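Enquirer:
Protein chains: 2
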Amino acid sequence: MAATQAAPSLDGVLEAAIYVDDLDAAEAFYGGLLGLPVVLRQAGRHVFFRAGSTIVLAFRAEATREAPAADNALPVPPHGAEGPGHLCFAASGPDLDRWAEVLAVAGVAIEADFRWPNGARSVYVRDPAGNSVEFAEPKLWATEGA
Amino acid sequence: MAATQAAPSLDGVLEAAIYVDDLDAAEAFYGGLLGLPVVLRQAGRHVFFRAGSTIVLAFRAEATREAPAADNALPVPPHGAEGPGHLCFAASGPDLDRWAEVLAVAGVAIEADFRWPNGARSVYVRDPAGNSVEFAEPKLWATEGA
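Take a look at the structure:
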């Protein structure tokens, strides 16, 4: 698996995927409650959201496991997982404080809220499909002091 | 689900999760072939990689569906999905050209390689666990011209 020259660059995760059963519920949670703009929606198949410089893809696995529809000639490979996935958003400490309030006001149960050994705080909830959604301070993964 | 004040900020995806059956194979692919530094590994449970300012989490679902181990007192919520997931890395056009070469040299099959209507190129392969791994130009999701 050795390359013949130095490896090219990757500039980080551009898209993170989760699987959901109900696109409307996903849009209410990620778009409505979390305030992420919807960038694309295809009825019965997916809804995508912008989160900073990244994109959250919410797919219905039963649709994405099939080949692309006839009206979409691009050879997008199939995929699709079952069961609760995981996704983590970056938020500053003051924003995390406010997210905990916003989620509580909205009636979303906080499943966990703690600090990691390096002091970074994480808050966990479930999206309507049961995925584990975390909000964490980016210093969780800082290269120094972690 | 209305908040009582303007929504706090989210600074994008911090962590994207995939599920794998074999952590060594995941490390060979993401760490070895793609060159992502390993930031954390727990035998039998997970291996995490740094990708720019984001983190790729590769989990064994049969382990992460269980409560945290006794040596980890933090109440990390369980999760774990089955079947092929999806992940997309950002790479510039020149880097994508080089990734296509590196992957070919390594014997990784290119499942798809095309340009979207806005001109952004995507290259798709499978990781050893069967997840659909895409490399895309970030202009795929540019706010202008998309």
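Chains A and B supply the protein sequences, listed in that same order.
Under my numbering, the first residue of the first sequence is numbered 3, with each subsequent residue one higher.
Under my numbering, the first residue of the second sequence is numbered 3, with each subsequent residue one higher.
Just so it is clear, CB atoms sit at the ideal spot from N, CA and C, and this is done for glycine as well.
No experiment lies behind these values; they were computed from the predicted model shown.
If we count the other Cβ atoms within 10 Å of its Cβ and call it buried at 16 or more, is residue 42 of chain B buried or exposed?
Expert: Its Cβ having fewer than 16 others within 10 Å, residue 42 of chain B is exposed.
Enquirer: Pull out every residue of the segment 38-59 of chain B whose Cβ sits closer than 8 Å to any Cβ of chain A, in chain order.
Expert: Residues 38, 41, 52, 53, 54, 55, 56, 57, 58, 59.
Enquirer: Exposed or buried, what is residue 76 of chain A when buried is set at 16 or more other beta-carbons lying within 10 Å of its beta-carbon?
Expert: Exposed.
Enquirer: Take residue 129 of chain A and list the residues in its own chain whose beta-carbon comes closer than 6 Å to its own, dropping the five residues that flank it on each side.
Expert: Closer than 6 Å at Cβ, skipping near neighbours: 31, 135.
Enquirer: Which runs of the beta strand (DSSP E), 3 residues or longer, sit entirely within the segment 35-71 of chain B?
Expert: 40-44, 48-53, 56-61, all fully within the segment 35-71 of chain B.
Enquirer: Give a yes or no on whether the minimum CB-CB distance between residue 104 of chain A and chain B is below 9 Å.
Expert: Cβ-Cβ to chain B under 9 Å: yes for residue 104 of chain A.
Enquirer: If you drop the 5 nearest sequence neighbours on each side, which residues of the same chain put their C-beta closer than 7 Å to that of residue 147 of chain B?
Expert: For residue 147 of chain B, the pLDDT reaches just 41, beneath the cut-off of 50, and the residue's location in the model is therefore unreliable, leaving the point undetermined.
Enquirer: Does the contact criterion of 3 or more C-beta pairs under 8 Å hold for the segment 106-120 of chain A versus the segment 101-118 of chain B?
Expert: Counting Cβ pairs under 8 Å, fewer than three are found: no touch.
Enquirer: Using a Cβ-Cβ cut-off of less than 8 Å, give me the residues of the segment 78-93 of chain A that come near chain B, in sequence order.
Expert: Listed by position along the chain: 78, 79, 80, 81, 82, 83, 84, 85, 86, 87, 88, 89, 90, 91, 92, 93.
Enquirer: Is residue 148 of chain B helix, strand or coil by DSSP?
Expert: Residue placement at residue 148 of chain B cannot be trusted, given a pLDDT of 39 that sits under 50; the coordinates are not used to answer.
Enquirer: Have a look at residue 93 of chain B and residue 117 of chain B and give me their C-alpha separation to the nearest angstrom.
Expert: Cα-Cα distance, rounded: 14 Å.
Enquirer: Provide the residue(s) that pair with residue 21 of chain B in DSSP beta bridges, ordered along the chain.
Expert: Residue 21 of chain B is bridged to B/61.
Enquirer: Compare the C-beta of residue 123 of chain B with all C-beta atoms of chain A and state if any pair is closer than 9 Å.
Expert: Answer no: the Cβ-Cβ gap between residue 123 of chain B and chain A never drops below 9 Å.
Enquirer: Which residue spans inside the segment 105-140 of chain B form an unbroken beta strand (DSSP E) run of at least 3?
Expert: Counting whole runs of 3 or more residues, the segment 105-140 of chain B contains the beta strand (DSSP E) stretches 114-117, 123-128, 134-138.
Enquirer: Around the C-beta of residue 68 of chain B, are 16 or more other C-beta atoms found within 10 angstroms, so that it is buried, or is it exposed?
Expert: When all chains shown are included, residue 68 of chain B counts as exposed.
Enquirer: Does the CB of residue 25 of chain A have a neighbour CB from chain B at under 9 Å?
Expert: So no, residue 25 of chain A is outside the interface.
Enquirer: In angstroms, rounded to a whole number, what distance separates the CA positions of residue 33 of chain B and residue 38 of chain A?
Expert: Rounded to whole angstroms, residue 33 of chain B to residue 38 of chain A spans 31 Å at the Cα level.
Enquirer: If we ignore side chains and look at the alpha-carbon of each, how far apart do residue 3 of chain B and residue 103 of chain B end up?
Expert: Because residue 3 of chain B carries a pLDDT of 48, less than 50, the predicted location of this residue cannot be relied on, and the following value inherits that uncertainty. Between residue 3 of chain B and residue 103 of chain B, the C-alpha separation is close to 48 Å.
Enquirer: Taking the beta carbon of residue 86 of chain A as the centre, do at least 16 other beta carbons fall within 10 Å, making it buried, or is it exposed?
Expert: Classification for residue 86 of chain A: buried.
Enquirer: Does any C-beta atom of chain A lie closer than 9 Å to the C-beta of residue 100 of chain B?
Expert: Taking Cβ atoms only, chain A reaches closer than 9 Å to residue 100 of chain B, which makes this a yes.
Enquirer: Using CA atoms only, rank isn't needed, just tell me which of B/100, B/133, B/19 is closest to residue 53 of chain B.
Expert: Answer by Cα proximity: B/19.
Enquirer: Just the C-alpha distance for residue 36 of chain A and residue 23 of chain A, rounded to the nearest angstrom, thanks.
Expert: Cα to Cα, the separation comes out at about 19 Å.
Enquirer: Starting from the Cα of residue 27 of chain B, find the closest Cα among B/78, B/45, B/66 and give me that residue.
Expert: Comparing Cα-Cα distances from residue 27 of chain B to each of B/78, B/45, B/66, the minimum goes to B/45.
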